[in-house]
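Colleague:
Chains as they are written, first to last, in the numbering used here: chain A, 7 to 229; chain B, 22 to 487.
1) Under 8 Å Cβ-Cβ, which residues of chain A neighbour residue 296(B)?
2) Under three-state DSSP, which class holds residue 232(B)?
3) Could you check whether the Cβ of residue 7(B) sits closer than 8 Å to any Cβ belonging to chain A?
4) Does DSSP put residue 142(A) in a helix, a strand or coil?
5) Where do the N-terminal and C-terminal ends of the beta strand (DSSP E) with residue 153(B) fall, by residue?
6) Mind checking the segment 177–193 of chain A against chain B and listing, in chain order, the residues whose C-beta falls within less than 8 Å of any C-beta there?
7) From 76(A), 74(A), 118(A), pick the residue whose C-alpha is nearest to that of residue 10(A); which is it?
8) The segment 344–370 of chain B: which residues have C-beta closer than 8 Å to a C-beta of chain A, in chain order?
9) Is there a C-beta anywhere in chain B that falls below 8 Å from the one on residue 215(A)?
10) Excluding the 5 residues preceding and the 5 following residue 64(A) in the sequence, name in chain order all residues of the same chain whose CB lies nearer than 7 Å to its CB.
11) With DSSP as the reference, label residue 185(A) as helix, strand or coil.
12) Just to confirm, is the Cβ distance from residue 314(B) to residue 108(A) under 8 Å?
13) Measuring only the C-alpha atoms, how far is residue 71(B) from residue 80(B)?
14) I'd like to check one pair, residue 41(B) with residue 208(B): are the Cβ atoms closer than 8 Å?
15) Please state whether the Cβ-Cβ distance between residue 36(A) and residue 26(A) is less than 8 Å.
16) Could you please tell me which residues of the segment 460–474 of chain B, in chain order, have their CB closer than 9 Å to any CB of chain A?
17) Cutting at 7 Å between CB atoms, please list the residues of its own chain near residue 186(A), excluding the five before and the five after it.
18) Taking residue 228(B) as the reference, which of 262(B), 294(B), 420(B) has the closest Cα?
19) Do the segment 134–150 of chain B and the segment 190–204 of chain B meet, that is, are 3 or more Cβ pairs less than 8 Å apart?
20) If I measure Cβ to Cβ from residue 101(A) and keep anything under 8 Å in the same chain, skipping five residues before and after, which residues do I get?
21) Is the CB of residue 222(A) under 8 Å away from at least one CB in chain B?
22) So what does residue 218(A) bridge to, in DSSP terms?
23) What did DSSP end up calling residue 85(A) once you bin it into helix, strand or coil?
24) Please state whether the Cβ-Cβ distance between residue 50(B) and residue 106(B) is less than 8 Å.
25) Roughly how many angstroms lie between the CA atoms of residue 219(B) and residue 362(B), to the nearest whole one?
26) State the beta-bridge partners of residue 147(A) as determined by DSSP.
27) Counting contacts by CB-CB distance shorter than 8 Å, is residue 251(B) in contact with chain A?
28) Counting only Cβ pairs nearer than 7 Å, list the residues of chain A close to residue 379(B).
29) What residues match up with residue 8(A) in a beta bridge as DSSP calls it?
30) In the structure shown, what three-state DSSP assignment does residue 68(B) receive?
31) Cα separation between residue 185(B) and residue 192(B)?
32) Along the chain, which unbroken stretches of the alpha helix (DSSP H) at least 4 residues long are found entirely within the segment 158–191 of chain B?
33) Please return the same chain residues whose Cβ sits closer than 7 Å to the Cβ of residue 226(B), not counting the five positions on each side in sequence.
34) Between which two residues does the alpha helix (DSSP H) carrying residue 380(B) extend?
35) Check the Cβ-Cβ distances between residue 338(B) and every residue of chain A, and say whether any is below 8 Å.
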């Protein structure tokens, strides 16, 4: 993917670049809001990473203007102010996801990855497939190698999210935000426990495990 | 002192006082002038009326008994004690018939009747003469050409008028001076109270956070203002204390993980490491840093919460959130070999911030999971509490919190000694407490009624119902 990083702090910008390049993306950088907006409009990017505090034009204004002019590229909003109001403001201005500093590199990589997918994959699929695991979104039936798997509603949503992002690393925070719609941290390893329950249902009786734990980052459902 | 005037002269109160003095002076002047003229008019009127009465009575005498009866009546009146009138009756040839005077004291007017003013000499008992002024009425008796004068001494009348004039000339300046003085006093009083406020503000700005505005207990507007300002200063002092405490706590609580981190890195640097050992060390380092950052974020969040800068309250169904959290924590409890039970009443509505309430409840549940030994039980209930409240209760069968420690565990970074071995920042219950505060509720900690040594903790987040 081709990612535009709009960030004025040079060290932070090169850190983001390094993380994204390592994850296999190509990165362009802009150091202020004006240039960032110009670049975002002029070239075709797969994802934008926009810092909130920027010289010349702040991130919120930039995103608003970009969206108003019809810009479609999904954007990840970065901010040092990690509270809920800022997140809401960012999403309202047209960001697709929000990440507060400091963040783990894996979190950034996972979220940018998820953003790029959003653009392509989303329109009305009725079924999802990962390896021999299949999910019918209409009948809510899940099978692996033809064998039916019974899931609780929450487990279904969890698996759906993992399957939509099959092959990508998905972090615990992303799961909390997207599957549970929580913007707080329940602390206890609640997500791990839910994952291990899900794993027991989809992987236990099969030779090849599909749901992998990525150390220090999160989980990945093999595609 | 830019204008070189005393402070009070420049105060609003003084300007108002000045305005009031001017208005008061104008009002007083009008009142006094009115009083003066109406009194004078009344006195004149009254004398005229009484004079007319005299004439009426004398006229009656004349009509019933002629000149003889009239002169008799005049003589009678002259000798009557307490009479204040002077009489003089003459016949048509101008000869005196009766009266106080030797002869007619005024030139007889041509007309039938006339009001007259004149001076006359009156003999005193010691033989001297004094000049007196009189006012009266002269009437010519129509059918015999005689004339009658009735007059009264105007000295008394004049004295009254003079006295009123004097009163006015003395009272007016005194009144003006007094009202100005009053204005000055009032404005100086107000100015001095305002100065007290200013001095207190300066002292507080100068770092004397304990200084308060003196309150006199009179309940006047300055007292009320003072009380409000003092309440504000109390709150500020509390916040500053909290910040100071946070600063100390951060220093204390972050120093140890940071020193551990440094030690680990020092050791790693001091010896050649295999690739594997190096990456293990780095992984641990990253985890340690993550913990430090998490604590940092928690502190920031708490600070923002306490400063009232976070959270947006909307009407929400807290039962739904509780159900979800129960579902979220159920497997974690099972993992920790704890029995988990939840009982959530439906559709309990509160005015709240979903994320903050969620975080608070998570912290309560997380505490229960962390501190309850395997084999224990946790229950989570949501129900109507007393007085229009909603109680969100987490009960565990852990070691509980001793009664004397219940106040301190909600303070930042306060952890029971027994809990120090567990991971955690000591901010969990502080956050619950702050969230409760922000929602106008409270966090209540009680014994759960378990056996001695393992009484368990009952934590109730009590929120007002919406």
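Using N, Cα and C, we set each Cβ at its ideal position, and we do this for glycine too. None of the values given here were measured: they were computed from a predicted structure.
Modeller: On the basis of the supplied data:
1) Within 8 Å Cβ-Cβ: nothing; residue 296(B) doesn't reach chain A, min ~16 Å.
2) It is coil, neither helix nor strand.
3) Any question about residue 7(B) goes unanswered here, given that chain B covers just 22 to 487.
4) Reduced to three states, the DSSP call for residue 142(A) is strand.
5) Residues 150–161.
6) The segment 177–193 of chain A vs chain B, Cβ under 8 Å: 186, 188, 189, 190, 191, 192, 193.
7) Ranked by Cα distance from residue 10(A), the options 76(A), 74(A), 118(A) are led by 118(A).
8) Result list: 345, 346, 348, 349, 350, 352, 353, 355, 356.
9) Chain B has no Cβ within less than 8 Å of the Cβ of residue 215(A).
10) For residue 64(A), where only same-chain residues beyond five positions count, the Cβ hits under 7 Å are 39, 58.
11) Here residue 185(A) sits in coil by DSSP.
12) A contact, by the Cβ cut-off of 8 Å.
13) Straight across, the Cα-Cα distance linking residue 71(B) with residue 80(B) is about 14 Å.
14) At a Cβ-Cβ threshold of 8 Å, residue 208(B) and residue 41(B) do not count as neighbours.
15) In this structure, residue 36(A) keeps its C-beta atom at 8 Å or more from the C-beta atom of residue 26(A).
16) Cβ contacts with chain A: none found.
17) Excluding the 5 residues flanking it on each side, residue 186(A) has no same chain C-beta neighbour closer than 7 Å.
18) The shortest C-alpha to C-alpha distance from residue 228(B) to any of 262(B), 294(B), 420(B) is the one to 262(B).
19) No: fewer than three Cβ pairs fall under 8 Å.
20) Taken in chain order, the residues that qualify are 56, 69, 81, 82, 83.
21) Nearest CB-CB separation between residue 222(A) and chain B: below the 8 Å threshold.
22) Beta-bridge pairing links residue 218(A) to 226(A).
23) Strand at residue 85(A).
24) The answer is no: Cβ separation not under 8 Å.
25) Straight across, the Cα-Cα distance linking residue 219(B) with residue 362(B) is about 59 Å.
26) In the DSSP output, where bridge partners are listed per residue, residue 147(A) has 142(A).
27) Taking a beta-carbon distance threshold of 8 Å, residue 251(B) does not count as an interface residue toward chain A.
28) Neighbours of residue 379(B) in chain A, taken as residues at a C-beta separation under 7 Å, are given in chain order as 188, 190.
29) Beta-bridge pairing links residue 8(A) to 32(A).
30) The answer is helix: DSSP assigns residue 68(B) an H, G or I state.
31) C-alpha separation (whole angstroms): 10 Å.
32) The DSSP assignment places no complete alpha helix (DSSP H) segment of no fewer than 4 residues inside the segment 158–191 of chain B.
33) Within the same chain, no Cβ atom closer than 7 Å to the Cβ of residue 226(B) is found once the five residues on either side in sequence are excluded.
34) First-last of the alpha helix (DSSP H) with residue 380(B): 375–392.
35) Not an interface residue.
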